[in-house]
Structures are given as C-alpha cells and as structure tokens.
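**Student:** Chains as they are written, first to last, in our numbering: chain X, 1437 to 1773; chain L, -9 to 73. Yeah, the Cβ is synthetic: ideal placement off N, Cα and C, and Gly gets one too. Owing to the predicted nature of the structure, the values given are computational and were not obtained by experimental measurement.
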Amino acid sequence: MAGVFRDVFLFRDYLRMKAFFLLVSLLAVILYLMRIFKVISTYPPSFFGVPSAANLLGGLLFGVGMVLGGGCLISTLYKLGAGSTASCITFCGVLLGGFVSAVFYPLIRSFASSTAFLKDKTSLEHIMGSAAAPVLLISLPAIALAWRWAKTGRWSQRAYARGYLSLWKASFMMAFVIAATVALSGRPLAVSTGFAKLSGFLGVLFLPVLTGKIAFFRVQSPRLLYGGIMNGGAGPVVDSVFLTQFPLMAGVVGGAFISSLRLGEFKVRRLPPARQAFSAFSGGVLMAAGALTAGGCNLWHMIGGLPVFALQSILFVFGAAGGAFLGSVFLRKVVIR
Amino acid sequence: MERTVEDIVLDIRGQICPACLLITLSELNNNKERLKGAKARMIVKTDHRDATRTIPGAAFAMGYSVSVVQKDRHYEITLEHEK
C-alpha cells in the first residue's frame, strides 16, 4: 500500500492508486449492502471516533515511515515471510518504535483529545445526512470509472514473475475477503496494536520494570468481537488483540513463506546497503509512532475506515499522502543516490 | 565481422522497494549512449518480484526491448535498445 502514493510521486505511476480506489469503492458498496441486509449491525462502526489533528499527524508520520521502510506493516510482514532482510530490519524498527511511542502514549492521547473537532460526527454520512449519499456520489462513480478503464485496457501492465496477480483482480478478491472477515468477526482488520503488543512482550522479557510502568501496556478496553464484548489492548497478555491480530500477522508471514517457496523465490536475502538499512529501520520506527498517534495503521484506516467514510480515516489518508510525498523526496535525494 | 555487445550487469538484489526501479532508471540514463548505440545491453538482477512489472514497463516506454528470466531465486531482466 506504500506504493499507492509513492509510485505517483516518484514515477507518475497511477496503477496502484487506481487499484486502491477500486478496492475501497467495492468495499464501501459491499459493506453498505451488508448493512441494508442486516449482515452487520454496527454502522457506522463504533470503532472510529471523532476526528482530531492526531489522525492527520499520525498519517503523516506513517506515510513517511512506509516509504522509508520500503512498505507498510502488512507488506513488511509478507516480505519478511519471503526472506527479505531489509523487511526484517523494518520489522525491528516497528517493534522499537512501538515501545518508545508507548512511553509517550499519555502525551499522544492528550494531544488527540485536545485537538478533536466535530464532536458528534464520526463519518461522512453524518455530515451528508444520508448513508447512501457517499456511496452513490463517490463509490459507484469510482467503480464505473474502473470499469471504463478495464474496457479501454488501462489496467493492463505485464508482470513477468510467476503467479503475479493483476492489481484489479487483487482488488476484487481482497474486497470480498475483507468484507467476509468484517461479517464474521464484526470488526475491521488491524495489526498495529498487535505490533505494539509484541513490543510489550519483548519489553517484559528485556526491560520488565520499565515495561510495567508504561501506562499504554496496562490499558484494556472493551472491544466488539464476534457479536460480543471482549477486553483487549497492547499489554503483554492474552486478550482479544492477541487472539485476532497475532493469527493475522502469523498468517501473512506464513502465507508469504509458503507462496515464495512454491514459486521458487524464497531465499534469505542479502543485507541492503547501509543507507537503505538505516532508512528501513527509521521507517519502521516512524510507522509505529504514526499508527499509535493516528489510532491505527493503514490497514485499519485505509481498508477499515475509508470504506465506511470514517472522518478519522479520511484525515489519516490525507496525512499519509503528505507523508509519502516527503518520504519520496527524502528517499530520492538522500537514501538512493 | 560480428559486433560484440557489452553486458552492463546491475545487481540490486536485497535492496528496499522502490530502489530497484530508481537505480535502474538512473543507470539507464548514465549508460544511455552505449545502450542506444547498441554497444551494450543492461542485465538487472533483482529478487523483488514487483520489479518484473515496474522495470519492464518503464524501460519499454523508453524504447527498450525487455526479456525476463527467473534464475536461482532471483530474476534477470535484460534491457536492449530497440534498433
């Protein structure tokens, strides 16, 4: 997903951007239909609160981080599964960033609450006064445009790697898989709290006294899951986050491992040049800081929140686009010269 | 008499995304004269599977012919200027 914005800024390549908008638009329509037919009950989801400057700032940090880190949290996981040493460095950066950001959690929450606005509005449908309006005015025209691109051959770009899936096909498949997980689990996919929890587990191992004092690792909040309520948080305990996000993370790494083995591509890759290694690590730290500041990573906001027009997520996307621009400039001028 | 074509080998395995495309574009530019004069061809070694989409796409738009083969857990992308 890092490439959605980065490829536009660096190469004027809009293919990933188009695939991303197709995915979000399809999801918006499917989730809206699921709401009408009462497959999902909480809508707009209670998971997305009122917007604040923290969503924008977090998105900005995350955007810089995902460009410098060579990919977002999910792509870091699947590249790790395929043997990428650079992604392993990014992964370590995310874990350290999660721990350091946890120390500043009270400050971040205070910033978020003091800059919150639109006190009674969490979604675009609250502003437009109708749930159907954003779907009709934004999602359906976007799908129609994608259909027109398909008819004029503007989706085609040949890839030579075995097993390569066209981006538009990937968008369709992901839209239905993600909608199915929302219907089954009752909440959007997420991994950022899982990463923070992993930092917490490592903190307990190596710095138990300090970890015990960090408030962020003690916070447990009720979460809607599988139609019921279960507590969850970033603390190093078995809870709803452990039971949902750890299997997702392990599944992405394991799936990429099996897939790369099957395609004859798995190999523990060589180390990247020092400048790129530093970029990957810093990118990981920034992604963790951004996700904690924004209240979620790109998976949560761009795949979970944007299709339900959550205002927090819209701000996150604007921030991430700005961050990706800054990251692209830094990458080109400093990291890869 | 048969002309010899020099191979410019660019080994970018292990590098972060999107270094593959940025470095390849830069090297194509640095070796433009030799490549356009058909005195050389560029062979890019990459283990980044998305590079098999992005590098051929960009190179083709610049007038290069492209061939890609998978070799021992990486890809070799050969770029030659079309005559």
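Using the Cβ count rule (16 or more neighbours within 10 Å means buried), how would you classify residue 1588 of chain X?
**Tutor:** Taking the first residue of the first sequence as 1, we reach residue 1588 of chain X at position 152. Burial call: exposed.
**Student:** Rounded to whole angstroms, what's the CA-CA distance from residue 1461 of chain X to residue 1590 of chain X? Just pull it up for me.
**Tutor:** To locate residue 1461 of chain X, count along the first sequence from 1; it is residue 25. To locate residue 1590 of chain X, count along the first sequence from 1; it is residue 154. Each residue's alpha carbon lies about 18 angstroms from the other.
**Student:** Which word fits residue 1568 of chain X, buried or exposed, when buried means at least 16 other C-beta atoms lie within 10 angstroms of its C-beta?
**Tutor:** Residue mapping note: residue 1568 of chain X aligns to position 132 of the first sequence, counting from 1. Residue 1568 of chain X is exposed by the Cβ-count criterion.
**Student:** Kindly identify the DSSP beta-bridge partner or partners of residue 32 of chain L.
**Tutor:** On the second sequence, position 42 is the one that residue 32 of chain L refers to. Residue 32 of chain L is bridged to L/-2, L/69.
**Student:** Could you have a look at residue 1539 of chain X and say whether DSSP puts it in helix, strand or coil?
**Tutor:** Reading the first sequence from its first residue, position 103 is the one you call residue 1539 of chain X. Of the three classes helix, strand and coil, the one that applies to residue 1539 of chain X here is helix, per DSSP.
**Student:** Would you please verify whether the beta carbon of residue 6 of chain L is less than 8 angstroms from any beta carbon of chain X?
**Tutor:** Against the second sequence, residue 6 of chain L aligns to sequence position 16. Closer than 8 angstroms to some Cβ of chain X, the Cβ of residue 6 of chain L qualifies, so yes.
**Student:** Please list, in chain order, the residues of the region 1703 to 1721 of chain X that have any C-beta partner in chain L closer than 8 angstroms.
**Tutor:** Correct list: 1703, 1705, 1706, 1707, 1708, 1709, 1712, 1715, 1716.
**Student:** Please classify residue 1484 of chain X as buried or exposed, where buried requires at least 16 other C-beta atoms within 10 Å of its C-beta.
**Tutor:** Counting from one through the first sequence, the residue named residue 1484 of chain X turns up at place 48. Under this definition residue 1484 of chain X is a buried residue.
**Student:** Any idea what DSSP makes of residue 60 of chain L, helix, strand or coil?
**Tutor:** Counting from 1 along the second sequence, the entry for residue 60 of chain L is found at position 70. Residue state, collapsed to three classes: strand.
**Student:** I'd like to confirm the pairing. Which residues does DSSP put opposite residue 1659 of chain X in its beta bridges?
**Tutor:** Reading the first sequence from its first residue, position 223 is the one you call residue 1659 of chain X. Its beta-bridge partners are X/1666.
**Student:** For the candidate residues X/1764, X/1763, X/1731, whose alpha-carbon lies nearest to that of residue 1492 of chain X?
**Tutor:** As a position in the first sequence, residue 1492 of chain X is number 56, starting the count at 1. The option with the nearest alpha carbon to residue 1492 of chain X is X/1731.
**Student:** Restricting to Cα atoms, I'd like to know which of X/1511, X/1586, X/1605, X/1447 is closest to residue 44 of chain L.
**Tutor:** Taking the first residue of the second sequence as position 1, residue 44 of chain L is located at position 54. The shortest Cα separation from residue 44 of chain L among X/1511, X/1586, X/1605, X/1447 belongs to X/1447.
**Student:** Rounded to the nearest angstrom, what separates residue 1713 of chain X and residue 1528 of chain X at their Cα positions?
**Tutor:** Stepping through the first sequence from its first residue, residue 1713 of chain X is reached at position 277. Stepping through the first sequence from its first residue, residue 1528 of chain X is reached at position 92. Computed Cα separation, rounded: 11 angstroms.
**Student:** Going along the chain, which residues of the region 1586 to 1612 of chain X sit with their C-beta nearer than 8 angstroms to a C-beta in chain L?
**Tutor:** Within the region 1586 to 1612 of chain X, the qualifying residues are 1593, 1594, 1595, 1596, 1597, 1598, 1600.
**Student:** Rounded to a whole number of angstroms, what is the C-alpha to C-alpha distance between residue 1761 of chain X and residue -6 of chain L?
**Tutor:** Working through the first sequence from its first residue, we reach residue 1761 of chain X at position 325. Working through the second sequence from its first residue, we reach residue -6 of chain L at position 4. The straight-line gap from Cα to Cα measures roughly 43 angstroms.
**Student:** Since residue 1772 of chain X meets chain L, which of its residues come closer than 7 angstroms, beta carbon to beta carbon?
**Tutor:** The residue labelled residue 1772 of chain X in the question sits at position 336 within the first sequence. The contacting residues are 9, 12, 13.
**Student:** Is the region 1650 to 1664 of chain X in contact with the region 1546 to 1562 of chain X, if contact means three or more CB pairs nearer than 8 angstroms?
**Tutor:** Segments in contact, no.
**Student:** Look at residue 75 of chain L and residue 35 of chain L and say whether their C-beta atoms are less than 8 angstroms apart.
**Tutor:** Because chain L in this structure spans residues -9 to 73, residue 75 of chain L falls outside the shown range and cannot be described.
**Student:** Would you say residue 1447 of chain X lies against chain L (beta-carbon separation less than 8 angstroms)?
**Tutor:** Within the first sequence, residue 1447 of chain X is the residue found at index 11, counting from 1. So yes, residue 1447 of chain X belongs to the interface.
**Student:** Kindly indicate which residue of X/1473, X/1634, X/1665 has the alpha-carbon position closest to the one of residue 1653 of chain X.
**Tutor:** Translated into positions along the first sequence, residue 1653 of chain X becomes position 217. Checking every option, the nearest Cα to that of residue 1653 of chain X belongs to X/1634.
**Student:** As a quick exercise: from X/1463, X/1503, X/1651, X/1655, pick the residue whose alpha carbon is nearest that of residue 1610 of chain X.
**Tutor:** Locating residue 1610 of chain X in the first sequence gives position 174, where the first residue counts as 1. Of the listed residues, the one whose Cα sits closest to residue 1610 of chain X is X/1463.
**Student:** Considering Cα atoms alone, identify which of X/1455, X/1539, X/1741, X/1740 is closest to residue 1583 of chain X.
**Tutor:** Walking along the first sequence from the start, residue 1583 of chain X turns up at place 147. When each option's Cα is compared against that of residue 1583 of chain X, the closest is X/1455.
**Student:** Quick one: measure Cβ to Cβ for residue 1629 of chain X and residue 1681 of chain X, integer angstroms, because I've assumed they're closer than 8 angstroms.
**Tutor:** Locating residue 1629 of chain X in the first sequence gives position 193, where the first residue counts as 1. Locating residue 1681 of chain X in the first sequence gives position 245, where the first residue counts as 1. With 8 angstroms as the limit, residue 1629 of chain X and residue 1681 of chain X qualify as a contact, their Cβ atoms being about 6 angstroms apart.
**Student:** Spatial neighbours of residue 1426 of chain X within its chain, please: CB distance less than 7 angstroms, with the 5 preceding and 5 following residues excluded, ordered by chain position.
**Tutor:** Because chain X is modelled from 1437 through 1773, residue 1426 of chain X falls outside the range shown and cannot be assessed.
**Student:** Count the other C-beta atoms from every protein chain shown that fall within 10 angstroms of the C-beta of residue 28 of chain L, then say buried if there are 16 or more, exposed otherwise.
**Tutor:** Counted from its first residue, the second sequence places residue 28 of chain L at position 38. Result: exposed.
**Student:** Which residues, in order along the region 52 to 63 of chain L, keep a beta-carbon less than 9 angstroms from a beta-carbon of chain X?
**Tutor:** So the list reads 56, 57, 58, 59, 60, 62, 63, given in the order they occur along the chain.
**Student:** Report the three-state DSSP secondary structure of residue 1746 of chain X (helix, strand or coil).
**Tutor:** On the first sequence, residue 1746 of chain X is found 310 positions in, with the first residue counted as 1. The answer is strand: DSSP assigns residue 1746 of chain X an E or B state.
**Student:** Quick check on residue -6 of chain L - is its C-beta less than 8 angstroms from some C-beta in chain X?
**Tutor:** Numbered from its first residue, the second sequence carries residue -6 of chain L at position 4. No, its Cβ sits nowhere closer than 8 angstroms to a Cβ of chain X.
**Student:** If you follow the alpha helix (DSSP H) that residue 1618 of chain X is in, where does it begin and where does it stop?
**Tutor:** Numbered from 1 along the first sequence, position 182 holds the residue referred to as residue 1618 of chain X. Residues 1603 to 1621.
**Student:** I'd like to confirm the pairing. Which residues does DSSP put opposite residue 1600 of chain X in its beta bridges?
**Tutor:** Position 164 of the first sequence, counted from the first residue, corresponds to residue 1600 of chain X. Per DSSP, none; premise fails for residue 1600 of chain X.
**Student:** My guess is that residue 1720 of chain X and residue 1505 of chain X are in contact by the Cβ rule of under 8 angstroms, so how many angstroms apart are they, rounded?
**Tutor:** Mapped onto the first sequence, residue 1720 of chain X falls at position 284. Mapped onto the first sequence, residue 1505 of chain X falls at position 69. Going by Cβ atoms, the distance from residue 1720 of chain X to residue 1505 of chain X rounds to 5 angstroms, so yes, they are a contact pair.
**Student:** For a cutoff of 8 angstroms on Cβ pairs, would you count residue 1698 of chain X as touching chain L?
**Tutor:** Taking the first sequence and counting its residues from 1, the one referred to as residue 1698 of chain X is at position 262. So no, residue 1698 of chain X is outside the interface.
**Student:** Between the alpha carbons of residue 1509 of chain X and residue 1733 of chain X, how many angstroms are there, rounded?
**Tutor:** For the purposes of this step, residue 1509 of chain X is identified with residue 73 of the first sequence, where counting begins at 1. For the purposes of this step, residue 1733 of chain X is identified with residue 297 of the first sequence, where counting begins at 1. Whole-angstrom Cα-Cα distance: 8 angstroms.
**Student:** Does any C-beta atom of chain L lie closer than 8 angstroms to the C-beta of residue 1529 of chain X?
**Tutor:** One-based indexing of the first sequence puts residue 1529 of chain X at position 93. Chain L contact via Cβ: absent.
**Student:** With 7 angstroms as the limit, tell me which residues of the region 1492 to 1515 of chain X have their beta carbon closer than that to any beta carbon of chain L; keep them in chain order.
**Tutor:** Those would be 1506, 1507, in chain order.
**Student:** Under 8 angstroms by Cβ, that's how I've got residue 1522 of chain X and residue 47 of chain L pegged, so tell me the actual separation to the nearest angstrom.
**Tutor:** Here residue 1522 of chain X refers to the residue found at position 86 when the first sequence is read from its first residue. Here residue 47 of chain L refers to the residue found at position 57 when the second sequence is read from its first residue. That belief does not hold up - the Cβ atoms of residue 1522 of chain X and residue 47 of chain L are roughly 23 angstroms apart, past 8 angstroms.
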